[in-house]
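Working notes, beginning with the structure itself.
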Amino acid sequence: MHIPAWVLPQAGTVKNLQEYLPIMSLNLTYTHVNKIFGEQSKNPVHALKDVSFAIEPGELFCLLGPSGCGKTTLLRSTAGLESITDGQILYGDKDMTLIPPFRRNIGMVFQSFALYPHMNIFENVAYGLRVRKTPDDIVRKKVTEVMELVGLTEELKRNPSPTGLSGGQQQRVAIARALVYDPDILLLDEPLANLDAKLRRYMRAEIRRIQKATNITTIFVTHDQEEAMAIGDRLAVLRKGVVEQIGSSNELYTRPNNAFVSNFIGKMNFFNAKLTGQGKATIEGTQTEISVHPENVRFSTNKGVANGSSVLLGARPEQLEICKERTSEGIRGTVQIIQHLGQFVRYEVVLDASVSEVSMEIDMPYMVEGVFERDSVYVKVKEGLPFLFLPEVRN
Ligand SMILES: Nc1ncnc2c1ncn2[C@@H]1O[C@H](COP(=O)(O)OP(=O)(O)O)[C@@H](O)[C@H]1O
Ligand SMILES: [Mg+2]
1 MHIPAWVLPQ
11 AGTVKNLQEY
21 LPIMSLNLTY
31 THVNKIFGEQ
41 SKNPVHALKD
51 VSFAIEPGEL
61 FCLLGPSGCG
71 KTTLLRSTAG
81 LESITDGQIL
91 YGDKDMTLIP
101 PFRRNIGMVF
111 QSFALYPHMN
121 IFENVAYGLR
131 VRKTPDDIVR
141 KKVTEVMELV
151 GLTEELKRNP
161 SPTGLSGGQQ
171 QRVAIARALV
181 YDPDILLLDE
191 PLANLDAKLR
201 RYMRAEIRRI
211 QKATNITTIF
221 VTHDQEEAMA
231 IGDRLAVLRK
241 GVVEQIGSSN
251 ELYTRPNNAF
261 VSNFIGKMNF
271 FNAKLTGQGK
281 ATIEGTQTEI
291 SVHPENVRFS
301 TNKGVANGSS
311 VLLGARPEQL
321 EICKERTSEG
331 IRGTVQIIQH
341 LGQFVRYEVV
351 LDASVSEVSM
361 EIDMPYMVEG
371 VFERDSVYVK
381 VKEGLPFLFL
391 PEVRN
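UniProt numbering numbers the first residue of the sequence shown as 1 and each following residue consecutively.
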C-alpha cells in the first residue's frame, strides 16, 4: 500500500525526500527464473538462464547488457506479459507467477512512449484511473498532482495532444501515465533511447528525482552503461540471459567479476598474459613481470589456475602510460589517434605485436611531448593497479 504520494512539491524542488516517502514499497525476488521461447520448436531461445536475485523496497535497479541479452524479457516477465518457463517471481512475499498482468499493479514506460495521439495529455495520463473506474474529482486531482511531479503543470493547462509536445515532454507524459494510479512497481524499458544526448542526460536526473520522491520500487532497463551507472542504486549486468554480476556502480567498476563485466562497465584494455606467481603475470611477447594487487586478481588460484596458465591482464586507460623512449618494460606500439579531452589526453595505440589490431586506450594527464599520431611509442602498465581475469571461455 502506498500512501497517496502526490502531495508533493513542484518538480525540481524536492529538498528533503524523507518528508515525502510513502509508507511501504515492495521488494521483488527472482528465484531460478528461466525463459525459453519456442520450447517445442526446432530453434528454442533460452532467453533467461537461472536468474536469481532480489531488489530492495524503493530501490532504483538497473538492468544493463548488450542488445538481445534478455533485459526486455525479464521486464515483461516481471509484468506478467511473458510467462516464465521455470522459477518464481515474488512481489513482497507473494508469488506472482500465475497472476495475469492486469491484476498486477504495475506502471510501465517504453522507449516508444506509446501515447494515444487522439487523446489530449490529460486523458492520456488519466487512462489508468478511468480503467479503474475512479471518480472524476479524484482523477482530476491525481492527474494534476502527477503532472506537477513530472514538471508539466503549464502544458497541462494548455492540454494539447501528445503530438504537440517535444520528445522529452512526451516521455514525461508517459512517466506520469505510469505513476498516476500509485503502482507497486515501476518498469522502464529503455525510456530515454529516443531522446537526443543532452536531453537524455537531463532526464536521467529527472527520473532519479521522481523515483526517489515516490519511492516506488523501480527497474530501469538500458544498454547504455553510463546511463545505468548514473541512474541506478544498483545494477545487474546481463549477458546471454545470465546475470553476470550485481552491485553498485562503484562495486562493478572497482571489483568486476570477469573480463566481460570489466569492459562493459567502463573501458578495459586487455593483454594476453601468462600467470607466473601469486598476483604476477608476464604479458605475451615481453619479459616484464607485472604485479597485481591481490584484490584485483579476479579468480581464485586454487581452482586449477596454475602458474603458466593463460590469463588476461586488464588495465583501465588510466592504468597505462606511454613514453617515447624505449624501456625494458615498455611494449612497442603505434599511436593512431590523439584526443585532448579536457581533463586528460586519450591516446589510441595499436601494439606492434597485436594480431587483432584492437587499439589500446591510454589516458595521460598531459600531452606527451614529442609524440604525434603515427609515431612509435612504448606502453607501460602501472604496477599493482591492473586486473587479472580468466580468459573468456563462454562466447
Ligand atoms: N517473442 C519472442 N520469440 C522468440 N524469441 C524471442 C522473443 N522475444 C525475445 N526473443 C529472443 O530472446 C532474447 C532476448 O531478447 P530481449 O529480452 O528482447 O533482449 P534485450 O531486451 O536485452 O535486447 C533474444 O535472443 C531475442 O531474439
Ligand atoms: Mg529490449
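By construction, the Cβ of each residue, glycine as well, lies at the ideal position given by its N, Cα and C atoms.
Query	Result
Under 6 Å Cβ to Cβ from Thr85, same chain only, skipping five residues before and after it: list those, please.	Asn34, Lys35, Ile36
For a test of the three-state rule: what should DSSP assign to Glu357, helix, strand or coil?	coil
Can you say whether Asp136 is buried or exposed, counting buried as having 16 or more other CB atoms within 10 angstroms of its CB?	exposed
Take the Cβ of Gln170 as the centre, count every other Cβ of all protein chains shown within 10 Å, and call the residue buried at 16 or more, exposed below.	buried
In whole angstroms, what is the alpha-carbon distance linking Ser376 and Ala353?	13 Å
Leaving out the 5 sequence neighbours to the left and right, which residues in its chain are closer than 6 Å to Asn296 when beta-carbon positions are compared?	Phe387
Ser67 by DSSP, collapsed to three states: which one?	coil
Can you name the start and end residues of the beta strand (DSSP E) that Asn226 belongs to?	A small fix is needed here, since residue 226 is Glu in this sequence, not Asn. Careful: Glu226 lies outside any beta strand (DSSP E), inside the alpha helix (DSSP H) at 225 to 231.
Does the separation of the CB atoms of Arg188 and Phe220 fall below 8 Å?	The question names Arg, but residue 188 in the sequence shown is Leu. Yes. Within cutoff.
Can you give me the C-alpha to C-alpha distance between Gln336 and Phe260, rounded to a whole angstrom?	25 Å
Span of the alpha helix (DSSP H) holding Gln171?	167 to 179
Identify whether Tyr378 lies in helix, strand or coil by the three-state DSSP scheme.	strand
Compare the C-alpha of Ile362 against each of Thr214, Pro44, Glu321 and name the closest.	Glu321
Assuming Leu28 is part of the beta strand (DSSP E), what are its boundary residues?	28 to 37
Cutting at 7 Å between CB atoms, please list the residues of its own chain near Thr153, excluding the five before and the five after it.	Met147
Can you find a heavy atom of ligand 2 that lies under 7 Å from the Cβ of Asp189?	yes
Any heavy atom of ligand 1 closer than 7 Å to the CB of Thr72?	yes
In angstroms, rounded to a whole number, what distance separates the CA positions of Leu385 and Gln319?	6 Å
Terminal residues of the continuous alpha helix (DSSP H) containing Met96?	Careful: Met96 lies outside any alpha helix (DSSP H) and carries neither H nor E.
On the DSSP letters alone, give me the boundaries of the beta strand (DSSP E) that Ile246 sits inside.	242 to 247
According to the Cβ coordinates, are Phe190 and Thr222 closer than 8 Å?	The residue asked about is misnamed: residue 190 is Glu in this sequence, not Phe. Yes, the Cβ-Cβ distance between Glu190 and Thr222 is below 8 Å.
Return the chain-ordered list of same chain residues with a C-beta closer than 8 Å to the C-beta of Thr327, the five sequence neighbours on each side being excluded.	Tyr378, Lys380
Skipping 5 residues on each side, what residues in its chain have a beta carbon closer than 7 Å to that of Ser25?	Pro57, Gly58, Asn215, Ile216, Thr217
Going by beta carbon distance, what residues of the same chain come within less than 6 Å of Arg208, once the five residues before and after it are set aside?	Ile231
Pick from Ile106, Leu390, Tyr347: whose alpha carbon is nearest that of Tyr366?	Tyr347
Considering only C-alpha positions, which residue in the set Asn105, Lys274, His32 is nearest to Gln88?	His32
Does the distance from the CB of residue 400 to the CB of Leu199 come in under 8 Å?	Outside the displayed range of the chain (1 to 395) lies residue 400, so it cannot be described from this structure.
May I ask you to check if the CB of Val45 is nearer than 7 Å to at least one heavy atom of ligand 1?	yes
Pull up the distance between the alpha-carbon of Phe372 and that of Ile338, whole angstroms please.	7 Å
If the criterion is Cβ atoms closer than 8 Å, does the pair Leu48 and Gly241 meet it?	yes
Taking only heavy atoms of ligand 1 into account, decide whether any of them is closer than 7 Å to the Cβ of Gly128.	no
With DSSP run on the structure shown, which of helix, strand or coil describes Ser262?	helix
Going by the DSSP bridge assignment, what does Val311 pair with across the sheet?	Ala273
Using the three-state DSSP reduction, which class does Leu21 fall into: helix, strand or coil?	At Leu21 the pLDDT is 47, less than 50, meaning the model places this residue with poor confidence and gives no usable figure here.
Could you pull the start and end residues of the alpha helix (DSSP H) that Thr214 belongs to?	197 to 214
Identify whether Val371 lies in helix, strand or coil by the three-state DSSP scheme.	coil
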